[in-house]
Amino acid sequence: FLPSILQHFLFFHNFTMSAVSAPTSPVSHAFPHIQWDALSSLRLTAQETALLRMAETNPIDYTLADSRDASMYARVLLKLLAEACSAGAGTGEVSTYTEKCSDEQAMAALDLDPLGVVTHYALTKLHEIIATLATGVSGVTVVSVFYVGKDGVLVDQWKALLRILNKGGKGDAYAQKVASMSLAKILIASCPSKKTAENKNRPVSHASAVEPLEALTAWIVAQLKNSGAFVGLCIPALTVLMDAYESRMIFVKSGGIKYVSRQLHSSSKASGDSSRKFGQGSVQQLYELTFCLWILTYELNTSQLVRSEFSRDSNPVQALTDLVSLAPREKVVRVALASLTNLATCTADEDPAPAGSPRLDGKHFLGEMIACGLMKAITLLKDRQFTDPDIVEDVTLLHKKLTENYKEMSRWEVYKNEVESGHLKWGSVHTEAFFKENA
């Protein structure tokens, strides 16, 4: 990548670390009161129980100072999840809680649904481990804790996290969000593009994480096909996956661009831009999903598949155009414009389309943008005063390229693009003479 793009990714990495911090469990007040000896269904050994108690009395940095101790502690937490899940955790009383409980409510939950509280406890501690390891303070890493043996194979206990996700709509929202986020952070540590100085000489088998990455991506895509709260569950994990090239491409191959675009697409059935509304997500949700699309646009020049997915049914271009026209916050406009700029300037030289296939490059996407009505939105933005120089630069560039491309297009090409994109609108191009000429 060019230096400016590296700066973008550095910013994205910082964004990722801040945007995907784990939420607080509704029943966290009950954690200190868990009685491990009384929970025989967890099948803990005396050594494992002692390790849990020791971790409670010592600072997390102390527990993670040695890679073997850290790995053992992480696997005990994963065992808690597996055993609790097998015993029915995830569908009990705790799974229904969405707001922070008082001390009294949390203690009542511990009596009613102890395994549900244990699940929240194990996930909270597991995410705390991963977040601490990411700082690199102790020299112990995610790779050294979760990838074992001489070949650095992913620990088999990761499946406990996937089991939580596979409970589907009956599952625990907090548990699914934190489990998916934690699993994503564990898995991308294996990606060759994420090789760090700390892991340079340590073997790590990316092959052992590919199938889990595909399973996690399938779950994320399934949530994106839905609406409302389901989407919010998967966005933190999706944001993490965008931080590695290998996981980004798995997401693209799973059709993820299409489903992110559908989430962003204006969904109002009423006519007129002023009455159109976005989907169920909050402004922050819109921003994070658009941010993921923006990151994926940096693969346009090197991947025919990515260009093809961005061109599918014009949905991504239309969604980004809607965001530019109707987004409620400037930060959403900024990242949508940046995505459109990358689309408008992409090339197809490095990974061209197969023989006989249409050439998908910046000119192609500019045609889609014109068909989706971006010219009008950009013209209006030119008259606004923005303090962000990136917005001003992108608006200027897009206005120039859209105008040049429009002048080069015949009236028939404009009409054809509108029809193919599904956004045919009456205008000065569609005169009686035009239809006589082309009918």
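For the sequence shown, the numbering used here gives the first residue as 3, with consecutive numbering after it. Here a beta-carbon is modelled for each residue, glycine too, at the ideal position from N, C-alpha and C. The structure presented is a predicted model; accordingly, all values stated were derived computationally and were not measured.
Contacts around residue i, its chain only, beta-carbon distance under 8 Å, and the 5 residues preceding and following it disregarded
i	result
P34	E58
M109	H31, A32, H35
V144	I132, L135, A136, K187, I188, A191
V421	With a pLDDT of only 49 at V421, under the threshold of 50, the placement of this residue in the model should not be trusted; the figure read from the coordinates follows. If we look at V421 and ignore the five residues flanking it on each side, it has no Cβ neighbours.
L41	P116, L117, V120
H208	S192, C193, P194, E248
R250	L243, M244, I297, L298, E301
Bounding residues of the alpha helix (DSSP H) (the contiguous stretch that carries residue i)
i	result
I222	209 to 226
W160	Note, W160: premise wrong, no alpha helix (DSSP H); not H, not E.
M244	Careful: M244 lies outside any alpha helix (DSSP H) and carries neither H nor E.
L307	306 to 313
G258	258 to 266
W296	285 to 298
D351	Run containing D351: none; DSSP gives neither H nor E here.
D71	69 to 88
K179	175 to 190
S146	144 to 148
L125	116 to 136
L54	48 to 59
T65	62 to 65
Of the residues the options, the one placed nearest residue i, counting alpha carbons only
i	options	result
P25	K260, Q287, N228, K179	K179
D105	L302, S27, E410, E216	S27
H366	K102, W296, L302, S207	L302
N344	Y300, L114, T323, L328	Y300
L339	E370, L226, V394	V394
V285	K260, Q320, S316, L328	L328
R45	L288, V319, A84, P61	A84
A355	E101, G151, S310	S310
R386	N317, E332, K152, A373	E332
A373	K169, T198, A321	A321
N407	K384, G138, P391, L368	L368
W221	K409, N168, V319, Y75	N168
CB of residue i within 8 Å of CB of residue j, strictly
i	j	result
T121	A86	yes
T292	V337	yes
V223	G257	yes
L215	I252	yes
D158	G92	no
S263	W296	no
L298	V254	yes
A239	K196	no
S229	L156	no
T323	G358	no
V304	E370	The residue you asked about is not Val; residue 304 is Thr in the sequence shown. Going by C-beta atoms, T304 is not nearer than 8 Å to E370.
L266	L325	yes
L82	A124	yes
Any chain B beta carbon closer than 8 Å to residue i
i	result
M251	Any reference to chain B falls outside this structure, which holds one protein chain only.
Contact set for residue i: own chain, Cβ-Cβ below 7 Å, skip 5 residues either direction
i	result
S146	S69, R204
Q380	Going by the sequence as given, residue 380 is Ile instead of Gln. Excluding positions up to five away in sequence, the list reads V397, L400, H401, L404.
S430	For S430, the pLDDT reaches just 46, beneath the cut-off of 50, and the residue's location in the model is therefore unreliable, although a value from the coordinates is still provided. Within the same chain, S430 has no close Cβ partners at all.
V119	V29, A32, I36, V96, A111, L112
K1	No information on residue 1 is available, as it lies outside the stretch 3 to 441 that the chain covers here.
E130	I62
Q225	F232, V233, L235, C236
L54	W38, V78
L114	E95
Spatial neighbours of residue i in its chain, beta-carbon cut-off 6 Å, leaving aside the 5 residues before and after
i	result
D275	Residue placement at D275 is flagged as unreliable, the pLDDT there being 44, under the threshold of 50; a coordinate-derived value is accordingly withheld.
L80	Q159, A162
V206	V145, Y149, G154, S192
L185	L163, L218
A52	none
G364	A346, T347, C348
A272	Reliability fails at A272, whose pLDDT of 27 lies under 50, so the model's placement of it is uncertain and no value is given.
Y417	Because Y417 carries a pLDDT of 47, less than 50, the predicted location of this residue cannot be relied on, and no value is offered for it.
A72	L66, V142, V147
Y99	P28
- Task: Taking only runs that begin and end inside the stretch 317 to 392, name each unbroken beta strand (DSSP E) of 3 or more residues, in chain order.
- Result: none
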